[in-house]
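To start, the structure itself, in structure tokens.
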């Protein structure tokens, strides 16, 4: 994908988000910067506590960043007022992780889908039904479901309503938060096929947040790995999966069970557990568990460095 | 049948629950074995009956459930015919189980060290001091660093991965012949999950127990299990050795499952799925429950539940339309 | 090929209505309290609306020659010291009491839920201030508070309605706020924001409808309390005043005659007040049980 000549659709600059829980401070996101170009599908991966979901919510300003800037189509979202931000939301949508709770139980599917269209006054009354039907067919849902309520739908159907709601305003950017994580095997594969098809048909720009790495590999053309609130590695999908450089990425990928008894495995087992977000380690966040740690690693936090071909690593070894 | 020492022998187990229009058959003639010193994976999606099977083996069937037929042979005797008193002797001592929701399986008001020690006192008859020391040793063997200090912690102080290790320690303390692990790593991070499965494999090697591992993750099955049982909607569709299952899946459901699995180590193509997929599960009253979704369905499939057929050595399938 | 029994079927509107009727009658069967409460009320309402048509006397019609007559066939509840038929006055009293009670409940419900939603959703200082105000209000017994407010505003029926409604508002505010505190953390509130809803829509169109159940149950209970409060105030001379027939007024009119033996002037109105309040309480309590069970 030729990204050199284009302006990024989304540019994140030193995003920081901290939460205060009484006297304690949770450092959820600690200085994240990246760009997303139009048409890209970027995967944001990491384990629990790495800050990927918080980062996504801060980007969409569902929570306000503590500091940093989010430039969407050139506009700094962090400086917008309420109504200006709401106007932008037409193009900044999200598919939520838990379809059970992200759909209003008292709203029929029709009402849930019609609302974004009506809020942004995208079509007039005559064409609303057409818009609804189009969205339903894109996610393979029979129009009869428009009259149903969330508790009458299955898990996969609810998830698809969530996707329909996100795409019905024809947004420029969609964030998907763990859309496959709560799904059964068969349902999951249909969701992935659906997302692949939508990507091709609609050409939207995606961020796909997930700990389901095999889904990420199938859906994204670029991957960013997060650990303890920072990006430790990023690059083209195949590059990251086949030639991971950061020790955390390597351990993470090696930990994933491969559904093939004959496949070769070399498992890298990390020591211990991730440190608490209340007290971040000094220097490189990973040094306590890293098999290749050196005394220097405690001193400084390494910067993301380009090692060629768009592959960036945050480790002093490179 | 090979010369394997049979530990658990489930034959035609049928369990029903009350439903809106009469009783619903939740487990339909479930049949499979677990032999000595092996790890068997019980695979299926939600609603397949895998948890219900293990609960029935442990005698934890909810009051509304009824066993309508079949036998559960454990070391020669039928568990279904035993009394509750006999069952409670076996439970914990010879068959142990760990569940998905780790934190709620531990007593929130008791230190974890004490909980492990309690198992040693009750199941192995050790004295209080001895049990405590043994508990600390067990926690340390399970990979909990600083075990002496951690033993004094309460469950909510520990991460979920640690809690799972505590539960495994408690289970191992019983020295059971059969361990049932029901989705022991759901909700755990991948790196922690890898650690837990390594631990389970070590435990199995060290104690010589057998493990019935319930999971929906085919990757886990491929890496950890020697034999696999595939369930769908309360029926066992296929059982085989793990190599045999992955190399040569016979049942249409198994094939669909394996086809739907994505890998991290291979470049991904566009996924192909059957159009007309419907999530609504319709149960045929008699016959094969996969009939409504099966690409190879025959009229017979709605009528009779297929018989178990051995298609190759130790590889059993229930299907009318074997190619 | 034999047709499989399906776990899902598509209902028509007739089957849906039949289903609802069946579920409602099953509900009544299992909840005797609800049944009794509803019956009591339905009978009272029918009597109050239709009854006066069958009675040849008006509620304000005096007949001095018939004064202080004991209950008889012509006057099933007797007459008072002006010769007025007590039964017809009681029936009119029921009408008025129900009107007052409904107005009170609706006002308290509306204002209370709106304020409670705002307070719970915004949190922060606004929430603190609202909570302290409700604390102060709840420090007074609601009857006393209603008395004070009536005295402040002036002794008219509308003011009594306002006064009693104000004294109930804290309950609605607290109940709704509690539900909103939970609901605002749920996914759909965030999704509503993500889709572009302004705050007021999120509060009142998304969250409030999902938090109404406890408030609605409380409203039915308030109907019962309101009857007692309104009657009590009227007995004391606040709000409804004689000769307007109302439960409390009627009891007040007959108070001095109890000692002299003309018990029927107070007792019948009093019994009716109790019956109405009891009916509403039964309904409210059983609704609370039912909704609590469903949540489980």
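Protein chains in written order, with our numbering: chain F, 1 to 318; chain S, 1001 to 1323; chain R, 2001 to 2296. Built from N, CA and C at the ideal position, the CB exists for glycine as well.
Contact check, residue i vs residue j, beta carbons under 9 Å
i: residue 1027(S); j: residue 1059(S); result: no
i: residue 1049(S); j: residue 1030(S); result: yes
i: residue 261(F); j: residue 1242(S); result: yes
i: residue 2221(R); j: residue 2288(R); result: yes
i: residue 234(F); j: residue 311(F); result: yes
i: residue 118(F); j: residue 174(F); result: no
i: residue 1257(S); j: residue 102(F); result: no
i: residue 43(F); j: residue 222(F); result: yes
i: residue 2149(R); j: residue 2162(R); result: yes
For residue j and residue i, the rounded distance between their alpha carbons
i: residue 176(F); j: residue 57(F); result: 11 Å
i: residue 294(F); j: residue 249(F); result: 18 Å
i: residue 1310(S); j: residue 1237(S); result: 12 Å
i: residue 1246(S); j: residue 2290(R); result: 52 Å
i: residue 1094(S); j: residue 1208(S); result: 13 Å
i: residue 1128(S); j: residue 1136(S); result: 13 Å
i: residue 285(F); j: residue 26(F); result: 14 Å
i: residue 1155(S); j: residue 1188(S); result: 16 Å
i: residue 2110(R); j: residue 2164(R); result: 14 Å
i: residue 2090(R); j: residue 2272(R); result: 8 Å
i: residue 2158(R); j: residue 178(F); result: 56 Å
i: residue 208(F); j: residue 216(F); result: 7 Å
i: residue 164(F); j: residue 143(F); result: 12 Å
i: residue 141(F); j: residue 1218(S); result: 28 Å
i: residue 239(F); j: residue 172(F); result: 26 Å
i: residue 2084(R); j: residue 2075(R); result: 9 Å
i: residue 2117(R); j: residue 122(F); result: 30 Å
i: residue 1360(S); j: residue 1192(S); result: Residue coverage of chain S in this structure runs from 1001 to 1323, which leaves residue 1360(S) outside it and unanswerable.
Residue-level contact to chain S via CB, residue i, 9 Å cutoff
i: residue 235(F); result: no
i: residue 246(F); result: no
i: residue 188(F); result: yes
i: residue 257(F); result: yes
i: residue 196(F); result: yes
i: residue 211(F); result: yes
Close-in-space but distant-in-sequence residues of the same chain around residue i (CB under 7 Å, 5 per side omitted)
i: residue 2202(R); result: 2189, 2192, 2193
i: residue 98(F); result: 182
Chain F within 9 Å of residue i, Cβ atoms only
i: residue 1045(S); result: yes
i: residue 2081(R); result: no
i: residue 2193(R); result: yes
i: residue 2269(R); result: no
i: residue 2187(R); result: yes
i: residue 1264(S); result: yes
i: residue 1191(S); result: yes
i: residue 1267(S); result: yes
Residue-level contact to chain R via CB, residue i, 9 Å cutoff
i: residue 55(F); result: no
i: residue 115(F); result: yes
i: residue 120(F); result: yes
i: residue 94(F); result: yes
i: residue 98(F); result: yes
Per-residue DSSP class, three states only, for residue i
i: residue 2121(R); result: helix
i: residue 1265(S); result: coil
i: residue 1018(S); result: strand
i: residue 68(F); result: strand
i: residue 2214(R); result: helix
i: residue 147(F); result: helix
i: residue 236(F); result: strand
i: residue 2263(R); result: coil
Residues of its chain near residue i, where Cβ-Cβ distance is below 6 Å and the 5 sequence neighbours each way are ignored
i: residue 1016(S); result: 1023, 1025, 1066, 1068
i: residue 80(F); result: none
Close-in-space but distant-in-sequence residues of the same chain around residue i (CB under 8 Å, 5 per side omitted)
i: residue 2277(R); result: 2224, 2225, 2227, 2228
i: residue 1171(S); result: 1096, 1097, 1098, 1179
i: residue 199(F); result: 41, 206, 219
i: residue 1305(S); result: 1028, 1029, 1235, 1286, 1287, 1288, 1318
i: residue 19(F); result: 25, 26, 28
i: residue 2062(R); result: 2082, 2083, 2084
Cross-chain neighbours of residue i in chain B, by beta carbon under 7 Å
i: residue 2209(R); result: Structure shown: chain B not included; protein chains present are F, S and R.
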